[in-house]
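Protein chains in written order, with my numbering: chain X, 4 to 396; chain V, 6 to 415.
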Amino acid sequence: MPKVEFIDPKIERQSGEIKLDPIPVNQYNLSIEDEKLNYTREEFIKIFRDMVIIREFETMLNEIKISSEYRGIKYNHPGPAHLSIGQEASAVGMAYLLDENDFIFGSHRSHGEILAKGLSVISKLDDARLMGIMKNYWDGATLNPVAKEHQVTVNDLAIDFLLYGTLAEIFARETGFNKGLGGSMHAFFTPFGVYPNNAIVGGSGDIAVGGALFKKVNKKPGIVVANIGDASMGCGPVWEGMVFSSMDQFRLLWEGEYQGGLPIIFNFMNNQYGMGGQTRGETMGYDMLARVGAAFAPYQMHAERVDGYNPLAVIDVFRRKKKVLEEKKGPVLLDTLTYRFSGHSPSDASSYRTKEEIEAWQQVDSIVDYGKSLIKAGIATQDLISMISGKES
Amino acid sequence: MDLTFHPDAIEKVMFSNGSVDKFDDRPVEVNHPLAENPRVQQLIKKERFGIKDGKEVGKMKAYQLRDGLFEAIIDRFYKDPTCIAFGEENRDWGGAFAVYRGMTEALPYHRLFNSSISEGAIMGVAVGYALCGGRVIPEIMYCDFLGRSGDEVFNQLSKWQAMSAGFLKMPVVMRVSVGSKYGAQHSQDWSSLVAHVPGLKVIFPTTPYDAKGLLNSALQGTDPVIVFESQRIYDIGELFHESGVPEGYYEIPIGEPDIKKAGKDVTILTIGSTLYTALDAAKVLEEKYGMSAEVIDARSIVPFNYDIVIESVKKTGRIVLASDACERGSVLNEMAQTITETAFDYLDAPPVVVGSRNWITPAYELEQYFFPQKEWILDAIHTKLIPLSGHLPVQDFSTREQLRRNRLGV
């Protein structure tokens, strides 16, 4: 349509071929020793702790759904709980570098992402700011129940606030982050950059693009991450969101400082199932999800597959892709490979997969493996790992 | 949340009902002062009231409905730096129906741009933009394409204010044009579909004065508003507001119907361009049958204040409701029911709904058999409300026919 762009028949009718670049698959190969340059001891341990917190949170919900009891406390939760037990490294790795200016949008299975992003932001904010956010939110309605308990630091209080606000929301309580009107599949907390999670599969695939557009048009700092599942690749709006975000005009027609790509990462949390439908091998034909990036633009959306069972690999890819966005070369597509041990929901009998398969992934449980690697590298003792895990001997 | 002691707790967060000039204080980015805009300059020469010396002003000379939309939107672009618009053919083309003509000159690319033909993304991106804090005007070129943005409108646009317990705002003004002449997939009025979904405001202005005033209200607000615009009347002049469409800013509150013609014998309530069909019918009623019809333009569908409609019915005792939407499931039936329940004692007969047939929209050449015609309104009055002396109906409004059609689902 724009007259400035001439469509030349001589060029358009030339013969040739489209060349694709190789798409990296699980190429991260640094050891903990190598990574000692990038993380302090405390940071290494925080990554472990955050994964453990998410695991315990989801385990608690699972027990409440299955036996209406957690550690002797009886509770009946008739509502939904789509758990992500097994996916913790992907969530923590995704959120690790993000601050309050970075927005994440998610799916029905986003408890882990909410907590991971919240924990990341809490660790980056000073006490005054944290207290300000907590006191102002619903005039302290979410803070008050946890403030009554004894906390040593504001940081600890903020973690309790995050866990409580999320849980109260899941349990439809008025003290929840969204006064209970969101619920498990839609909980969010924008002061920490946690934007609406969406119970419509792929719902965030185009809404998140709007967040990135908002940042670009209004010159706001930060990036946007759409955390959507592998099965959402079957949803039209996800493709539309990727088409919209990769329109040539951002690079070619938008003017001055507005020129350049949208700051968004389509982070496909690839747990390899859509409910029970196995994406690779049954309901998709992409072989590997990352391949799809090549469909949208010559830069192939900078697509790659990353091993979402290694938190450091996920942090590494986010560090590199964040830079791509800051250079205005977005959008980015990530295929973050992971696996959930828990069912689609607690009522799931896992009729679609074998016990052997679940056990094989449990053998490489990211929390256990990462804990072991910290001990092996002399970063943490077995006692510390056990203590954080709540399994003191 | 205790809905026993606070029964309005959810009701209160369905809409934010805010009034916000702009969502940021930085200067607006525009390419020239508004007075230098070519379209603004053209509009100076237009007749802002469409009747002169008792005759309708010619289309070229009249200030049209599309001009009313233009003035409201360009005003907001010059007030709110966060305000952006996008959709198919919104930039160089000036919008498929020339509402945006002149805006390409006024606005840099990042404030007005062409989107891919992705109705889902057009609405989804708008939702994301708004809930992050900006004002946005997405456009769906034809109402028929609304289906392509079904989830984004029904599940996203409508719900996030309430699902955030009122924490988030959704200042999205979604423009949708309603077509005709182009057959089954370009000629449908689906305003009833969105009216069914809680959390959306729905307006359907039919005059230049109402279009500008209602759109100003929508653009000043903080709620999602779906604006239906009939392609039949984009070029219509202002025939009611005698002082003409004001050049300055004014608001018409969303939710208030308007009496376009006073009368005492029968009320005709319309949604959309059927207003003009109803006015034609009113003319025949007056000239041929000596009946005076009161014609009310709904203007808004959600919210809707029934007060003047009920007052009218108390006076006339009879009401016909008409629009171009297919009759089955039309929101007109809901309005008829509400009127029946709230003004039963004043009614001589049950309200009559006149909608389009429950068919595909046929080609232009056959449209007179599909969309409500002025004769249909007369037929409905004759058959169901009060016999018109000497009237020969062309459409069968008998109860028997009504039941037959329902039995067949057509």
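All residues carry an ideal CB built from backbone N, CA and C; glycine is no exception. Since this is a predicted model, take the numbers as computed values, not measurements.
Please state whether DSSP places residue i in a helix, a strand or coil.
i        : result
X/Asn147 : helix
V/Cys331 : strand
V/Arg31  : coil
V/Ile122 : coil
V/Phe91  : strand
X/Met278 : coil
X/Ser187 : coil
X/Ser396 : Note that X/Ser396 has pLDDT 47, beneath the 50 cutoff, so the model's placement of it is unreliable and the number below is only indicative. Three-state DSSP puts X/Ser396 in coil, outside helix and strand.
X/Gly168 : helix
X/Lys219 : helix
V/Lys57  : strand
X/Asn32  : coil
V/Val62  : coil
X/Lys379 : helix
X/Arg52  : helix
X/Phe180 : coil
Using a C-beta to C-beta distance shorter than 7 Å, which residues of chain V count as neighbours of residue i?
i        : result
X/Ala211 : Gly133
X/His189 : Met168
X/Glu258 : Pro113 and Tyr114
Quick check: the Cα distance between residue i and residue j, rounded to an integer number of angstroms?
i        : j        : result
V/Ser278 : V/Gly184 : 11 Å
X/Lys358 : X/Pro148 : 41 Å
X/Met245 : X/Val7   : 25 Å
X/Pro194 : V/Gln342 : 45 Å
V/Ile259 : V/Ile145 : 21 Å
V/Gln46  : V/Asp80  : 14 Å
V/Asp312 : X/Thr145 : 42 Å
V/Arg409 : X/Pro240 : 41 Å
X/Ala300 : X/Ser249 : 7 Å
X/Pro334 : V/Ala126 : 15 Å
X/Gly279 : X/Phe51  : 29 Å
X/Thr282 : V/Phe150 : 30 Å
X/Lys223 : X/Phe217 : 8 Å
X/Ala175 : X/Leu165 : 15 Å
V/Ala385 : X/Arg112 : 54 Å
X/Ile10  : X/Ser18  : 16 Å
X/Asp233 : X/Ser207 : 13 Å
X/Lys325 : X/Ile226 : 7 Å
V/Tyr83  : V/Gly107 : 14 Å
V/His201 : X/Glu66  : 39 Å
V/Trp165 : X/Gly214 : 14 Å
V/Val318 : X/Tyr276 : 59 Å
Interface residues of chain X around residue i at Cβ under 9 Å?
i        : result
V/Thr212 : Residues of chain X passing the Cβ test: none, with the nearest at roughly 32 Å.
V/Pro176 : Under the 9 Å cutoff, chain X gives no residues; its nearest Cβ is about 12 Å from V/Pro176.
V/Glu157 : Gly206, Asp209, Ile210 and Pro240
Whose Cβ in chain X lies nearer than 7 Å to the Cβ of residue i?
i        : result
V/His37  : Here the premise fails: no neighbours, minimum Cβ distance about 15 Å.
V/Ile142 : Correct list: empty, because the minimum Cβ distance to chain X is about 13 Å.
V/Ile89  : Val220
Per DSSP, which residues does residue i bridge with? Please list them.
i        : result
X/Lys77  : X/Glu72
X/Ile231 : X/Phe271
V/Thr272 : V/Glu299 and V/Ile324
X/Asp310 : X/Leu340
V/Ile264 : V/Ile301
X/Phe192 : X/Val197
Buried or exposed: where does residue i fall if 16 or more other Cβ atoms within 10 Å of its Cβ makes it buried?
i        : result
X/Ser396 : Per-residue confidence for X/Ser396 stands at a pLDDT of 47, beneath the threshold of 50, marking its modelled position as unreliable; the derived number appears in the next sentence. The residue in question, X/Ser396, is exposed, as its Cβ has fewer than 16 Cβ neighbours within 10 Å.
X/Asp129 : exposed
V/Arg412 : exposed
V/Gly92  : buried
X/Asn32  : exposed
V/Gly253 : exposed
V/Thr347 : exposed
X/Glu172 : buried
X/Gly115 : buried
X/Gly259 : exposed
V/His11  : exposed
X/Tyr379 : The sequence given here places Lys at residue 379 of chain X; Tyr does not occur at that position. So X/Lys379 ends up on the exposed side.
X/Arg44  : exposed
Cβ closer than 9 Å: which chain V residues qualify as neighbours of residue i?
i       : result
X/Ile10 : Near X/Ile10 there are no residues of chain V at all, since even the closest Cβ is about 14 Å away, more than 9 Å.
Below 8 Å on C-beta distance, what does residue i contact in chain X?
i        : result
V/Pro377 : Neighbours of V/Pro377 on chain X: none; closest Cβ ~35 Å, over 8 Å.
Going along chain V in order, which residues have a C-beta closer than 8 Å to the C-beta of residue i?
i        : result
X/Gln252 : Tyr114, Phe118 and Asn119
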